[in-house]
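Colleague: This structure is in C-alpha cells; I'll ask about it shortly.
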Amino acid sequence: MKVLLVIDLQNGVCNQGGQKLWQLPVLIHLVNQRINQYRAQDLPIIFIQHEDDTLVAGTTDWQLLPELNFMKDDLVIRKSHPNAFYQTDLQYFLKQLQINELEICGAQTEYCIDATVKMAHGLGYQLTMKPGASSTIDNQFMTAEETRRYFEWLWGKNFLSYC
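Numbering (this note's numbering), first residue to last: 437 to 599.
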C-alpha cells in the first residue's frame with residue numbers, strides 16, 4: 437500500500453521573510469492534484485509539520501498553507517528535524533497502515549525533502565515523486581530552480597522513481 441507524504445507546506449516555510457518558495461502556486465496546484473487522487477483511491481495522506489524556534493506550534497507561520505486540500509481528520513506528524521522519521525511516530529504509523537511505498541512532495545527541496553527521501557530509502561521504502569513536487573528558495577550557491585533540478589537528478593539516479 438502507498439501513502440502520500442506532504443512535507444512542510446507551512447506558511448513560514450513557504451514565505452520566508454517575504455521570499456516565497458519558487459513556483460509556489462504551481463507546487464500547491466500539483467500537491468492538491470495528488471491529494472485529490474489519493475482521496476479518490478481511498479489511499480492515506482500524511483501531512484508532516486515542522487516545529488522549531490521559528491515555527492512555533494500554534495502560530496500562523498507554523499500552520500499549513502490554507503490553500504492545501506487538508507481535512508481535519510488527515511494524519512499530521514510533527515517533527516523538529518529535517519528528517520521526518522527522526523524522533524517522530526512516522527515509522528510507527530507507516531507500519532500500522534502496512535505501507536511499503538511513499539510518494540513525497542513539499543518543501544524544502546534540499547532540506548526536509550532530501551533528508552526524508554534518503555532516510556526512507558535507507559529504511560527500504562519504495563519511493564516515488566512527481567517531477568516538480570518540491571520547491572525551495574534561492575541560496576548563495578544556486579537558484580531555487582537549479583537546486584530542484586539538481587536534487588531531482590540525484591534522487592532519480594539513486595533513490596526514487598518519478599510517477
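Don't be surprised by glycine CBs; every beta carbon is placed ideally from N, CA and C.
Please report the residue range of the beta strand (DSSP E) in which V467 lies.
Modeller: Residue numbering aside, residue 467 sits at position 31 when the sequence shown is read from its first letter. Careful: V467 lies outside any beta strand (DSSP E), inside the alpha helix (DSSP H) at 460-476.
Colleague: Report the rounded CA-to-CA distance for N451 versus L457, giving the unit in angstroms.
Modeller: Here residue 451 corresponds to residue number 15 of the sequence shown, with the count starting at 1. Here residue 457 corresponds to residue number 21 of the sequence shown, with the count starting at 1. Answer to the nearest angstrom: the Cα atoms are 6 Å apart.
Colleague: Is there contact between the segment 504-518 and the segment 475-487, where contact requires at least three CB pairs shorter than 8 Å?
Modeller: Enough Cβ pairs lie closer than 8 Å, so yes.
Colleague: Going straight from the alpha carbon of F504 to that of N468, what length do you get?
Modeller: As a working mapping, residue 504 is identified with position 68 in the sequence shown. As a working mapping, residue 468 is identified with position 32 in the sequence shown. The residue you asked about is not Phe; residue 504 is Leu in the sequence shown. Taking the straight line joining both Cα atoms gives about 6 Å.
Colleague: Which residues in the same chain have their Cβ closer than 7 Å to the Cβ of S597, if we skip the five residues on either side of it in sequence?
Modeller: Position 161 of the sequence shown holds residue 597. Contacts found: T564.
Colleague: M555 lies in the alpha helix (DSSP H); which residues open and close that run?
Modeller: In the sequence shown, the residue the question calls residue 555 occupies position 119. From DSSP, the alpha helix (DSSP H) with M555 extends over 550-558.
Colleague: Taking CB distances under 8 Å as the criterion, tell me whether W591 reaches chain C.
Modeller: Of the protein chains in the structure, only one exists, and it is not chain C.
Colleague: Compare the Cα-Cα distances from S516 to each of D444, G592, N594, H557 and report the closest residue.
Modeller: Residue numbering aside, residue 516 sits at position 80 when the sequence shown is read from its first letter. Considering only alpha carbons, the answer is D444.
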